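Notes for the one structure printed next.
In my numbering, the protein residues as written are 559 to 724.
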């Protein structure tokens with residue numbers, strides 16, 4: 559009688575496992591949302607530069623911080639530009655404005671880094687981010703632009719990272 563109970567318990571356990579595996583196969587094949595089964599295409603671009611010195615107090619391209627990105631289909635895009643600002647040593651109020659340009663148009667929010675009455679060369683870190691969940695298929699030139707109130711301000715240890723997912 560004991561061996562019959564053990565065999566029955568094993569049979570029930572195997573039946574439960576079989577039902578579970580069968581249920582998973584049916585869910586994965588027929589019931590799961592199709593977006594869970596699609597594999598995304600992820601592309602990355604990265605560039606870094608040691609320093610940038612301003613030529614004027616107007617918006618100017620932060621050389622070499624740009625990429626030309628070709629999208630074959632609608633994609634999400636994530637952009638991050640980071641580094642630090644060094645203002646001149648003086649008693650004035652200094653500001654740096656940083657923007658992202660896509661195909662000649664400013665996108666996202668402008669980043670502002672401010673300092674007043676600097677008596678030594680401090681570093682002010684920044685990280686500007688931008689995300690667009692659905693950028694249409696096209697070729698895009700993505701670049702960083704900045705302006706300052708003091709043309710002796712410098713940017714340092716900069717990096718530009720772009721990620722697209724389609």
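We treat Cβ as the ideally placed atom computed from N, Cα and C, and that holds for glycine.
Predicted, not measured: the structure shown is a model, and the values here were computed from it.
Nearest neighbour of residue i, chosen from the options [CA to CA]
| i | options | result |
| --- | --- | --- |
| residue 669 | 576, 676, 682 and 584 | 682 |
| residue 690 | 586, 703 and 723 | 723 |
| residue 617 | 584, 656, 635 and 625 | 656 |
| residue 663 | 566, 708, 583 and 619 | 619 |
| residue 708 | 587, 585, 676 and 685 | 676 |
| residue 516 | 588, 659 and 614 | Outside the modelled stretch of the chain, which goes from 559 to 724, sits residue 516, for which no answer is possible. |
| residue 688 | 636, 589 and 643 | 636 |
| residue 686 | 673, 678 and 704 | 704 |
| residue 673 | 666, 699, 585 and 711 | 711 |
| residue 661 | 625, 585 and 671 | 625 |
| residue 699 | 643, 665, 581 and 585 | 665 |
Coarse secondary structure for residue i, derived from DSSP in three states
| i | result |
| --- | --- |
| residue 586 | helix |
| residue 558 | In the structure as shown, the chain begins at 559 and stops at 724. Residue 558 is therefore absent and cannot be evaluated. |
| residue 569 | helix |
| residue 683 | strand |
| residue 717 | strand |
| residue 692 | strand |
| residue 724 | coil |
Integer Cβ distance of residue i from residue j, believed to fall under 8 angstroms
| i | j | result |
| --- | --- | --- |
| residue 627 | residue 706 | In fact, because the Cβ distance is near 27 angstroms, the residues do not count as touching under 8 angstroms. |
| residue 610 | residue 713 | 4 angstroms |
| residue 639 | residue 702 | 5 angstroms |
| residue 680 | residue 602 | At roughly 32 angstroms, the Cβ-Cβ gap does not stay under 8 angstroms, so residue 680 and residue 602 are not in contact. |
| residue 647 | residue 684 | So it is not a contact: roughly 20 angstroms between Cβ atoms. |
| residue 607 | residue 716 | 5 angstroms |
For the 8 angstroms Cβ check, are there 3 or more pairs between the stretch 626-639 and the stretch 680-696? In short, these stretches touch, since the Cβ pair count reaches three.
Go through the stretch 597-662 residue by residue and report every complete run of the beta strand (DSSP E) that reaches 3 residues or more, in order.
The qualifying runs are 600-611, 618-629, 633-644 and 648-660.
Segment contact flag, the stretch 569-584 with the stretch 596-608, C-beta cutoff 8 angstroms, min 3 pairs: The stretch 569-584, when compared against the stretch 596-608, does not touch it at the 8 angstroms Cβ threshold.
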